[in-house]
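Novice: One structure follows; several queries about it will come next.
Protein chains: 2
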Amino acid sequence: MVEKVYVTYNDVHKLCQEAAPQMLATLQPQLMIAIGGGGYVPARILRSFLKQPGSPNIPIQAIGLSLYEELPVTDADTTAGVVDQIGTKVMRTQWLDFTSLGGMENLVGKRILIVDEVDDTRTTLEYAVKELQKDVQEVSRKLGRESEKTEFSIFVLHNKDKPKKGVLPADAIDETRYIAARTVPDIWICYPWEAMDIDEHDKLAAEQKNKTAGA
Amino acid sequence: MVEKVYVTYNDVHKLCQEAAPQMLATLQPQLMIAIGGGGYVPARILRSFLKQPGSPNIPIQAIGLSLYEELPVTDADTTAGVVDQIGTKVMRTQWLDFTSLGGMENLVGKRILIVDEVDDTRTTLEYAVKELQKDVQEVSRKLGRESEKTEFSIFVLHNKDKPKKGVLPADAIDETRYIAARTVPDIWICYPWEAMDIDEHDKLAAEQKNKTAGA
Numbered sequence: 025m026v027e028k029v030y031v032t033y034n035d036v037h038k039l040c041q042e043a044a045p046q047m048l049a050t051l052q053p054q055l056m057i058a059i060g061g062g063g064y065v066p067a068r069i070l071r072s073f074l075k076q077p078g079s080p081n082i083p084i085q086a087i088g089l090s091l092y093e094e095l096p097v098t099d100a101d102t103t104a105g106v107v108d109q110i111g112t113k114v115m116r117t118q119w120l121d122f123t124s125l126g127g128m129e130n131l132v133g134k135r136i137l138i139v140d141e142v143d144d145t146r147t148t149l150e151y152a153v154k155e156l157q158k159d160v161q162e163v164s165r166k167l168g169r170e171s172e173k174t175e176f177s178i179f180v181l182h183n184k185d186k187p188k189k190g191v192l193p194a195d196a197i198d199e200t201r202y203i204a205a206r207t208v209p210d211i212w213i214c215y216p217w218e219a220m221d222i223d224e225h226d227k228l229a230a231e232q233k234n235k236t237a238g239a
Numbered sequence: 025m026v027e028k029v030y031v032t033y034n035d036v037h038k039l040c041q042e043a044a045p046q047m048l049a050t051l052q053p054q055l056m057i058a059i060g061g062g063g064y065v066p067a068r069i070l071r072s073f074l075k076q077p078g079s080p081n082i083p084i085q086a087i088g089l090s091l092y093e094e095l096p097v098t099d100a101d102t103t104a105g106v107v108d109q110i111g112t113k114v115m116r117t118q119w120l121d122f123t124s125l126g127g128m129e130n131l132v133g134k135r136i137l138i139v140d141e142v143d144d145t146r147t148t149l150e151y152a153v154k155e156l157q158k159d160v161q162e163v164s165r166k167l168g169r170e171s172e173k174t175e176f177s178i179f180v181l182h183n184k185d186k187p188k189k190g191v192l193p194a195d196a197i198d199e200t201r202y203i204a205a206r207t208v209p210d211i212w213i214c215y216p217w218e219a220m221d222i223d224e225h226d227k228l229a230a231e232q233k234n235k236t237a238g239a
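Right, here's the structure in full:
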């Protein structure tokens, strides 16, 4: 049985708070892109901790991506050698909208922080970075601004330490621009916004913390 | 001094949970539109409570609206009778993106729930409803589908009981389609995602609850 780990809202809040100084020191993001639904909560919290006195809030753009398992292949497919495992596809449900912000050229040369809750198979993150890179390259070429460097970085609450299906493009994201508040084994993470009984959820989280402390 | 009220994450979670059954019974939303940044957290929580067994999650589209005070008018302006109060304007930072969802025609005839944290002056909500109505009317006309009714509804965590600057279009939103989890006096609401010290925030919230209980 996969171990379940319960994460409270205050845990999430503190993970964002803890990661913010490093982001401000090294990444200095100018725009956040929240991958919805999971990235909504950490992105909103991070915005509070990335706020600099005298400067406006860092703007957040939300994008919607959902992972769906492709239909399991039939025996006939397998016999025919078509595919031999269940595939995973990313579906876009919302993308950037820069129409009111001076157009997509405003992405060029910016430091952009992509925010999600968890890096599980890395499929969604690979998709997000590659598609964003493509958009930026296209508009940079159009404007003759290829020399300007657009920097992507990633923040996730939890990175699962497991073989990843997705690969982040090395020219866009190196380890200095990938921040996971926590690296965890391949466990089942229960986020608070999924809890049907938040008091019970918090109780289970507290019990787990006590156990770890006593171990 | 304006009274400050501290709201914890679990309070927010429970306000969403409490409101969900009424929404499912009467509004039956098919799409949520989260007004960012404040609507991100309640929209994500609501999605969990609006999920019906056997049905997919209700999709969330995020829009970005920020209120900004127009520059205060100068004495010269006032003498000239130009304006006599500070104006408020809504700025769009992100709008709907239906390109991957079959285009904006997919709004037509839908039951759409707009989600924000607080209804303060109502300016942002008026803007959101009116602009969304405009978009739907435009695409309905284009497609010759004016007869299909698109229903808007609103959910906010808190409605401040005060004179409102914004007015919701009566043909779009009546009181049955406006849900505020709590109606409160014109107080200063401290949401948890703005807390620099979440433990202190929770302590202050608990003290307020004890005081109210003892009163």
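Residue numbers (the numbering used here), protein chains in the order written: chain A, 25 to 239; chain L, 25 to 239.
Beta carbons: idealized from backbone N, C-alpha and C, even for Gly.
#1: Quick check: L:S164 and L:V132, are their CB atoms within less than 8 Å of each other?
#2: Output yes if chain L places a C-beta closer than 8 Å to the C-beta of A:L125; else output no.
#3: Which residues of chain A have a Cβ atom closer than 7 Å to the Cβ of L:W217, listed in chain order?
#4: What's the call for A:K212, buried or exposed, on a 16-neighbour Cβ count within 10 Å?
#5: Show which residues of chain L have a CB atom less than 7 Å away from the CB atom of A:A205.
#6: Do L:A67 and L:V139 have their CB atoms nearer than 8 Å?
#7: For the segment 56-63 of chain A against the segment 27-35 of chain L, are there 3 or more C-beta pairs whose distance is under 8 Å?
#8: Nearest to L:M128 by CA position, among L:D35, L:Q232 and L:K166, is which residue?
#9: Can you tell me whether DSSP reads A:I213 as helix, strand or coil?
#10: Does the CB of A:I84 have a neighbour CB from chain L at under 8 Å?
#11: Let's see if you can read the secondary structure: which residues bound the beta strand (DSSP E) around L:T112?
#12: Please state the DSSP three-state secondary structure of A:T207.
#13: Given a threshold of 16 other Cβ atoms within 10 Å of its Cβ, counted over all protein chains shown, does L:Q46 qualify as buried or as exposed?
#14: For A:Y202, which option in A:D185, A:I222 and A:S177 has the closest C-alpha, if you only look at C-alpha atoms?
#15: Have a look at A:L74, A:L39 and A:V36 and flag the residue whose alpha-carbon is nearest the alpha-carbon of A:L51.
#16: Can the beta-carbon of A:T147 be found closer than 8 Å to that of A:G190?
#17: For L:R116, return the contacting residues in chain A, with the cut-off set at a CB-CB distance below 9 Å.
#18: Is L:G78 close to chain A, meaning its C-beta is less than 8 Å from at least one C-beta of that chain?
#19: Could you name the residues of the segment 222-234 of chain A whose beta carbon sits closer than 8 Å to any beta carbon of chain L, in the order they occur along the chain?
#20: Could you compute how far the alpha carbon of L:E252 sits from the alpha carbon of L:A204?
#21: Exposed or buried, what is L:L91 when buried is set at 16 or more other beta-carbons lying within 10 Å of its beta-carbon?
#22: Report the three-state DSSP secondary structure of A:K134 (helix, strand or coil).
#23: My guess is that A:F179 and A:L55 are in contact by the Cβ rule of under 8 Å, so how many angstroms apart are they, rounded?
#24: Does the beta-carbon of L:T123 have 16 or more other beta-carbons within 10 angstroms, so that it is buried, or is it exposed?
#25: To the nearest angstrom, how far is it from the Cα of A:Q232 to the Cα of A:D226?
#26: Between A:Y33 and A:E141, how many whole angstroms is the CB-CB distance? I'm expecting something under 8 Å.
#27: Give me, in chain order, the residues of the same chain whose beta-carbon lies closer than 8 Å to that of A:L192; leave out the 5 immediate sequence neighbours on both sides.
#28: A:R116: beta carbon under 7 Å from a heavy atom of the ligand HEM?
#29: Rounded to whole angstroms, what is the Cα-Cα separation between A:E199 and A:E155?
#30: Are the CB atoms of A:D121 and L:D144 within a distance shorter than 8 Å?
#31: Give the straight-line distance between the Cα atoms of L:L39 and A:A194, rounded to the nearest whole angstrom.
#32: Any Cβ of chain L within less than 8 Å of the Cβ of A:H182?
#33: Alpha carbon to alpha carbon, how far is L:A86 from L:S72? Give it in angstroms, no decimals.
#34: When we look at the beta-carbon of A:D35 and count the other beta-carbons within 10 Å, is it buried (16 or more) or exposed?
#35: Could you give the residue range of the beta strand (DSSP E) that holds A:F176?
Specialist: Reading off the structure:
#1: Remark: C-beta atoms of L:S164 and L:V132 approach each other more closely than 8 Å.
#2: With 8 Å as the cut-off, A:L125 counts as an interface residue toward chain L.
#3: Under the 7 Å cutoff, chain A gives R68, I69 and S72.
#4: The sequence given here places Trp at residue 212 of chain A; Lys does not occur at that position. A:W212 is classed as exposed because its beta carbon has fewer than 16 other beta carbons within 10 Å across all chains shown.
#5: Per Cβ cutoff of 7 Å: no residues; A:A205 is ~15 Å from chain L at best.
#6: Going by C-beta atoms, L:A67 is nearer than 8 Å to L:V139.
#7: Per the Cβ contact rule, the segment 56-63 of chain A is not in contact with the segment 27-35 of chain L (fewer than 3 Cβ pairs under 8 Å).
#8: The candidate whose alpha carbon is nearest that of L:M128 is L:K166.
#9: Of the three classes helix, strand and coil, the one that applies to A:I213 here is strand, per DSSP.
#10: Yes, contact with chain L.
#11: Taken as a continuous stretch (DSSP letters only), the beta strand (DSSP E) holding L:T112 covers T112 to Q118.
#12: Taken through DSSP and simplified to helix, strand or coil, A:T207 comes out as strand.
#13: Burial call: exposed.
#14: With distances taken between Cα atoms, A:Y202 lies closest to A:S177.
#15: The candidate whose alpha carbon is nearest that of A:L51 is A:L74.
#16: Taking 8 Å as the Cβ cut-off, A:T147 and A:G190 qualify as a contacting pair.
#17: In chain order, D121, T123, S124 and L125 make up the part of chain A whose C-beta sits under 9 Å from the C-beta of L:R116.
#18: Contact with chain A is absent for L:G78, since none of that chain's Cβ atoms lies less than 8 Å from the residue's Cβ.
#19: Near chain L, meaning a CB-to-CB distance below 8 Å, the residues of the segment 222-234 of chain A are I222, D223 and D226.
#20: Residue 252 of chain L lies beyond the residue range present for chain L, which begins at 25 and ends at 239; the question has no answer from this structure.
#21: When all chains shown are included, L:L91 counts as exposed.
#22: Assignment of A:K134 by DSSP, reduced to helix, strand and coil, places it in the coil class.
#23: Not really, about 13 Å apart at Cβ, beyond 8 Å.
#24: Residue burial annotation: L:T123 is exposed, with fewer than 16 other C-beta atoms found within 10 angstroms of its C-beta.
#25: Counting only the Cα atoms, A:D226 lies some 10 Å from A:Q232.
#26: No, A:Y33 and A:E141 are not in contact; Cβ-Cβ is about 12 Å, not under 8 Å.
#27: Once the five neighbours on either side are set aside, the close Cβ partners of A:L192 are R146, L149, E150, V153, I178 and Y202.
#28: You won't find the ligand HEM in this model; it holds no ligand whatsoever.
#29: Here the C-alpha atom of A:E199 lies approximately 20 Å from the C-alpha atom of A:E155.
#30: Not a contact, by the Cβ cut-off of 8 Å.
#31: Roughly 43 Å between the two C-alpha positions.
#32: Not one chain L Cβ lies under 8 Å of A:H182.
#33: In this structure, the alpha-carbon of L:S72 lies about 16 Å from that of L:A86.
#34: A:D35 comes out buried.
#35: Per DSSP, the unbroken beta strand (DSSP E) holding A:F176 starts and ends at E175 to K184.
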